[in-house]
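Structure first, then comments.
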Amino acid sequence: MFIHDSIEEIVGTYNLRRLFLFRSVVIASELAVIGLAVYLLDVVLPVYSMLTIVVLYMSFNLLVWMRLRKGISASANEFFLHLVIDVLSLAALLYFAGGSSNPFVSLFLLPLVRSEEHTSELQSRQYLVCRLLLGTHV
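Quick note: the sequence shown uses the numbering used here, first residue -12, plus one each step.
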């Protein structure tokens, strides 16, 4: 029996599966929080803009699910790009929900923790720079 994928690709695929599940929970939570804020707490939010971001994020997650079902391996670089997309979507939602004054801004740290666990030191530094640049504009 031959191993066709490198260890890096096997680990990348495993991490991508875990990220897919984590992202699914995040999407459900985002929808629940937006619904509660608007309909229960009467918070004025740009709902259509925020739902557009969540739908795009959900579509991306659906593509990831279809890709994982095909069994295509994922590299560490691809996993890193997925984390960047997670940060971009969260940054966009925080932008529309009040920026850094939003109490959910601490969620911005979760992808950073994930990147420290599962990426190389260089990728973690690049990711931190990306986060710092986005954080100054949120």
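For each residue, glycine too, the CB sits at the ideal point set by N, CA and C.
Keep in mind that this is a model prediction, so the values were computed, not measured.
Contact between Leu81 and Val92 is confirmed by a C-beta separation of about 6 Å, below the 8 Å threshold. Looking at the backbone, the Cα of Arg10 and that of Ala84 are separated by about 19 Å. If you look at Leu55, you'll find it in the alpha helix (DSSP H) that goes 34 to 57. Counting along the chain, the unbroken alpha helix (DSSP H) around Ala78 starts and ends at 63 to 83.
Inclusion of Leu94 and Leu77 in the CB contact set at 8 Å is warranted, their separation being smaller than that value.
Of the candidates Phe7, Arg56, Tyr1, the residue whose Cα lies closest to the Cα of Asp73 is Phe7. Residue state for Asn2 is assigned as helix, using DSSP reduced to three classes. In the three-state DSSP reduction, Leu8 falls in the helix class (H, G or I). The Cβ-Cβ distance between Val51 and Leu18 does not fall below 8 Å.
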